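These notes are about the structure you will find just below.
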Amino acid sequence: MAYTLEEIKKLPKTDLHVHLDGSIRLSSLIEFARKLKIELPSYTVEGLKELVFKDQYKDLPEYLECFGYTCAALMDLENLEQAAYEFAYDAFNDGVYRIEPRYCPSLMLNEKNLYNNQNIITAIEKGLSKASKEINETIRSSDEIKNNLDQYPWADKEFSYTHILCIMRHWSPADSKSYIEELLSIREKTDLPIHNIDLAGPENGFPVSLHKEAFDLTNKLGLTKTIHAGEAAGPESIVEAIEVANAKRIGHGVNLFNPNYPYPEEKKAELIQKMIDNKICIEVCLTSNLQTLPELEMKPENHSFKKMLDAGLLLSPCTDNTTVSNTTVSEEIYKMQETFNLSGANVESLLACGFRSMFRVKSQIS
Ligand SMILES: [Zn+2]
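Below, the structure is given as structure tokens:
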């Protein structure tokens with residue numbers, strides 16, 4: 001039996017692929033912009049939705065335009081802390097118990113935060129940690145929430161988070177290496193949760209192997225990786241993510257079954273088997289893919305989700321950007337269920353996959 005959207009909201013869920021800078025509340029964006037004197041095309045939520053943060057975008061550049069505004073608004077430590085705090089609450093209010101927001105602190109550097117990555121990670125940690133403590137208080141004091149959670153043995157009984165720090169694909173190999181070195185030195189002198197790395201940015205033309213030295217370092221020092229791969233390049237990009245970066249999860253992976261990216265069937269079968277054997281989960285971002293990949297023609301049924309599922313791959317539904325993609329984890333799951341005729345058991349196994357594929361080091365639980 002399928003679930004209603006209201007029922008899905010109550011199911012415990014995870015969001016393992018979500019960019020903090022694409023997931024700030026529009027009301028806060030307006031507040032931040034006023035404070036920092038950033039010009040916005042509108043100062044109402046409705047106006048911003050009409051002009052910038054749309055349901056459909058004509059192409060990737062239009063989608064990326066949103067980040068110009070959100071990133072400018074986040075170049076301020078107080079704003080970052082507030083955005084992280086609100087993001088945690090928005091997730092919890094959608095029934096999400098595990099969030100792994102990702103961001104690249106180096107994109108937020110300016111004179112106000114003293115060009116210092118540590119200050120940025122600290123501000124985000126403050127917001128996430130404060131929200132998480134409050135949320136866990138709420139969970140502990142509510143029999144209704146506890147009884148609901150008890151129905152799902154695969155779900156965590158508490159709210160938790162970690163940070164994922166992005167390397168940008170278009171950086172030079174020397175820059176990505178020194179960034180990792182800097183993150184490691186911050187980790188040594190603080191207790192900031194620096195455990196997980198992502199590779200984001202333009203996939204085509206900037207392969208994982210370009211950053212081999214940086215990834216060798218992460219492999220040596222036990223940092224866990226998820227890599228955006230198979231979104232704007234073919235299956236060979238996923239292979240590199242696993243072989244060079246030792247990725248434990250793959251962001252998108254949608255081109256694994258895209259005929260525009262031809263790949264020998266035998267090698268594809270090998271790759272799929274390797275992902276299954278090593279429990280490498282694909283973070284599926286259905287709405288985001290529809291908005292940025294014109295070949296899907298905005299039709300969810302054109303997405304290769306069903307092929308991924310039928311191939312036996314581990315899949316976890318994610319938002320990518322709650323604000324820019326105007327979605328929630330519950331809406332993503334509902335859309336998948338309705339488009340691909342998923343059963344209730346299918347839905348539950350997708351959610352269980354999210355909890356099993358969490359990056360295990362927890363930032364704090366009190
Ligand atoms: Zn992403």
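Using our numbering, read the sequence shown as starting at 1 and increasing by one per residue. Beta carbons are placed, not taken as given, at the ideal position from N, Cα and C, and that holds for glycine. From a predicted model like this one, the values you see are computed outputs, not experimental measurements.
With C-beta atoms as the reference, is Asn255 less than 7 Å away from Gly222?
Not a contact, by the Cβ cut-off of 7 Å.
Between which residues of its own chain and Glu81 is the CB-CB distance below 6 Å, once the five residues before and five after are set aside?
Within the same chain, Ala123, Lys126, Gly127 come within 6 Å of Glu81 by CB-CB distance, once the 5 residues on both sides are set aside.
For a quick check, are the C-beta atoms of Gly344 and Met1 less than 7 Å apart?
Inclusion of Gly344 and Met1 in the CB contact set at 7 Å is warranted, their separation being smaller than that value.
Quick one: Cα of Ile250 to Cα of Ala241, how far?
Using only the alpha carbons, I get a separation of about 8 Å.
Buried or exposed, going by whether 16 or more other CB atoms sit within 10 Å of the CB of Glu78?
Glu78 sits exposed, since fewer than 16 C-beta atoms from the chains shown fall within 10 Å of its C-beta.
Residue environment, Pro61, which counts as buried when at least 16 other CB atoms sit within 10 Å
So Pro61 counts as exposed.
Based on the DSSP output, what are the partners of Asn196 in its beta bridges?
Note: Asn196 sits in a beta bridge opposite Thr224.
For the putative contact between Tyr3 and Val347, defined by C-beta atoms under 8 Å, what is the C-beta separation to the nearest angstrom?
About 6 Å; that satisfies the 8 Å criterion.
I'd like the span of the alpha helix (DSSP H) that includes Ile402, first residue to last.
Beyond the ends of the chain as shown, which are 1 and 366, falls residue 402; an answer cannot be given.
On the CB-based measure, 16 or more other CB atoms within 10 Å of its CB, does Ser316 come out buried or exposed?
Around the beta carbon of Ser316, 16 or more other beta carbons lie within 10 angstroms, which makes this residue buried.
Just to confirm, does Asp320 get its C-beta within under 6 Å of one of the non-hydrogen atoms of ligand 1?
For Asp320, the distance from the CB to the nearest heavy atom of ligand 1 is below 6 Å.
Quick check on this structure: which residue in Gly234, Ile135, Lys37, Pro207 has the alpha carbon closest to the alpha carbon of Tyr263?
With respect to the C-alpha of Tyr263, the residue from Gly234, Ile135, Lys37, Pro207 having the closest C-alpha is Gly234.
Counted within 10 angstroms of its Cβ, other Cβ atoms place Thr44 as buried (16 or more) or exposed
By the neighbour-count definition (other C-beta atoms within 10 Å, threshold 16), Thr44 is an exposed residue.
Closer than 6 Å by C-beta to Glu261: which residues in its own chain qualify, once you throw out the five before and the five after it? Chain order, please.
For the sequence presented, residue 261 should be read as Tyr rather than Glu. These residues qualify, in order along the chain: Gly234, Asn255.
Could you name the residues of the same chain whose beta carbon sits closer than 8 Å to that of Glu270, not counting the 5 residues immediately before and after it, in chain order?
Taking C-beta separations shorter than 8 Å and ignoring five residues to either side along the sequence, Glu270 has no partners in its chain.
Determine whether the beta carbon atoms of Glu203 and Ala232 lie at a separation below 7 Å.
Taking 7 Å as the Cβ cut-off, Glu203 and Ala232 qualify as a contacting pair.
Does the beta-carbon of Gly251, which I'm using as the reference point, lie nearer than 6 Å to any heavy atom of ligand 1?
Placement of the Cβ of Gly251 at a distance of less than 6 Å from at least one heavy atom of ligand 1 is found.
Within the continuous alpha helix (DSSP H) that includes Val347, where are the two ends?
Val347 -> alpha helix (DSSP H) spans 344-356.
So, for Ala131: in the same chain, excluding its five sequence neighbours on each side, which residues have a beta-carbon less than 7 Å away from its beta-carbon?
Tyr85, Ala88, Tyr89, listed in sequence order.
Close beta carbons around Met358, own chain, < 6 Å, minus the five adjacent residues each side
Arg98.
Is the Cβ-Cβ distance between Pro41 and Leu51 less than 7 Å?
It is a contact, given that the beta carbons lie within the stated cut-off.
Residue nearest to Met308 in terms of C-alpha spacing, selected from Ile282, Asp150, Cys318, Asn326:
Out of Ile282, Asp150, Cys318, Asn326, the CA that lies nearest to the CA of Met308 is found in Ile282.
The beta strand (DSSP E) enclosing Met168, as first and last residue numbers:
For Met168, the enclosing beta strand (DSSP E) starts and ends at 164-168.
By Cβ distance, which residues of its chain are closer than 8 Å to Ile167, with the 5 residues on each side in sequence left out?
Result list for Ile167: Cys104, Ser176, Tyr179, Ile180, Ile197, Asp198, Leu199, Ala200, His211, Ala214, in chain order.
Keeping to the same chain, check which residues put their C-beta closer than 8 Å to that of Ser27; ignore five residues upstream and five downstream.
Leaving aside the five residues that flank Ser27 on each side, the residues in its chain whose CB is nearer than 8 Å to its CB run, in chain order, Val45.
Gln273 to Phe257, Cα distance in whole Å?
For Gln273 and Phe257, the distance between alpha carbons rounds to 15 Å.
Val324 lies in the beta strand (DSSP E); which residues open and close that run?
Neither: Val324 is in no beta strand (DSSP E) and is coded neither H nor E.
Buried or exposed for Ile365, please, with buried defined as at least 16 other CB atoms from any protein chain shown within 10 angstroms of its CB.
With a pLDDT of only 38 at Ile365, under the threshold of 50, the placement of this residue in the model should not be trusted, and no figure is reported.
Beta-carbon within less than 8 Å of Asp94's beta-carbon, same chain only, minus the 5 sequence neighbours each way: which residues are those?
Counting only Cβ-Cβ distances below 8 Å, and skipping sequence neighbours, we find Lys9, Lys13, Thr328, Val329, Ser330.
Let me make sure I understand the geometry here. Which of Leu107, Asp150, Ser106, Ala91 has the alpha-carbon closest to that of Ile135?
Checking every option, the nearest Cα to that of Ile135 belongs to Ala91.
At the level of alpha carbons, what is the spacing between Met336 and Asn321?
Rounded to whole angstroms, Met336 to Asn321 spans 17 Å at the Cα level.
Leu36: which of Thr218, Ala72, Lys225 sits nearest, CA to CA?
With distances taken between Cα atoms, Leu36 lies closest to Ala72.
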